[in-house]
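In the working numbering, the protein residues as written are 229 to 421.
Beta carbons: idealized from backbone N, C-alpha and C, even for Gly.
Keep in mind it's a predicted model, so treat the numbers as computed, not measured.
These notes concern the structure reproduced below.
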Amino acid sequence: MTTLDPDATEEQLVEIGRLIDRLGWRPGLKDGFSRLDLVNKGFRLLFSASWIWAEPHGIAARAPEDWARIRDAAALDRWEHSWKESGSQTDANVFTSALLSDPNIHIYGRLAGDGFDAGCILNRSPEAVGISNIFSLTGTPQAFRDAISLANIAFSPDVPLVGYDSGAALNEMTKLGFRSVGKLRIWLSDDGS
Numbered sequence: 229m230t231t232l233d234p235d236a237t238e239e240q241l242v243e244i245g246r247l248i249d250r251l252g253w254r255p256g257l258k259d260g261f262s263r264l265d266l267v268n269k270g271f272r273l274l275f276s277a278s279w280i281w282a283e284p285h286g287i288a289a290r291a292p293e294d295w296a297r298i299r300d301a302a303a304l305d306r307w308e309h310s311w312k313e314s315g316s317q318t319d320a321n322v323f324t325s326a327l328l329s330d331p332n333i334h335i336y337g338r339l340a341g342d343g344f345d346a347g348c349i350l351n352r353s354p355e356a357v358g359i360s361n362i363f364s365l366t367g368t369p370q371a372f373r374d375a376i377s378l379a380n381i382a383f384s385p386d387v388p389l390v391g392y393d394s395g396a397a398l399n400e401m402t403k404l405g406f407r408s409v410g411k412l413r414i415w416l417s418d419d420g421s
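This is the structure:
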């Protein structure tokens, strides 16, 4: 669930309550404007981050070496295992194989043995390309540069690049020309699920 209006906090709280009543459990929630306080509603804050945005690059970069698009469920399982190993904040399986058939979503991994030592997810909309879930098990910032190159090659160098990050990842993206354009928070149920 994602909030879409920065000024509709009261209405959003009512709808969240209705949804919880209908489902019988609390779904995860992306507070896209960092406006909701859900601690007293049975949620816990998973993390806060900054929305980021970069001008179109205008030129397609060269394809980074050893990166491959994930195209089957077995490779996706290996990719997700590496993503979790890199410090994911959840043990749950997050990415379903249905994503692999969506032409607007590309999942990439940098090959390393039988798995991946870096990865990212790209998603295209009419007005931007989103970059998310960048990870590197080697701890090098090259994965961030490679993700930008892949976004420009896979979709278009003529649209802005967007995403959200925090901490060291936000610092890397800022060095690469992104700027912070807002805040967001991710909330999960406080019941341990």
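Rounded to a whole number of angstroms, what is the C-alpha to C-alpha distance between residue i and residue j?
i           : j           : result
residue 399 : residue 358 : 17 Å
residue 267 : residue 414 : 12 Å
residue 331 : residue 354 : 13 Å
residue 344 : residue 321 : 17 Å
residue 333 : residue 295 : 16 Å
residue 284 : residue 356 : 9 Å
residue 382 : residue 263 : 34 Å
residue 307 : residue 370 : 18 Å
residue 338 : residue 242 : 44 Å
Alpha helix (DSSP H) containing residue i: first to last residue?
i           : result
residue 319 : Where residue 319 is concerned, there is no enclosing alpha helix (DSSP H), given that its DSSP letter is neither H nor E.
residue 306 : 301 to 313
residue 246 : 237 to 251
Going by beta-carbon coordinates alone, are residue i and residue j separated by less than 7 Å?
i           : j           : result
residue 314 : residue 365 : yes
residue 378 : residue 336 : yes
residue 246 : residue 270 : no
residue 277 : residue 417 : no
residue 405 : residue 236 : no
residue 198 : residue 280 : Lying outside 229 to 421, the shown extent of the chain, residue 198 is not represented and no answer is given.
residue 291 : residue 380 : no
Output the boundary residues of the beta strand (DSSP E) element that contains residue i.
i           : result
residue 345 : 343 to 352
residue 275 : 271 to 282
Check: Curious, which full-length alpha helix (DSSP H) runs of at least 4 residues does the region 346 to 409 contain?
Finding: 370 to 382, 395 to 403
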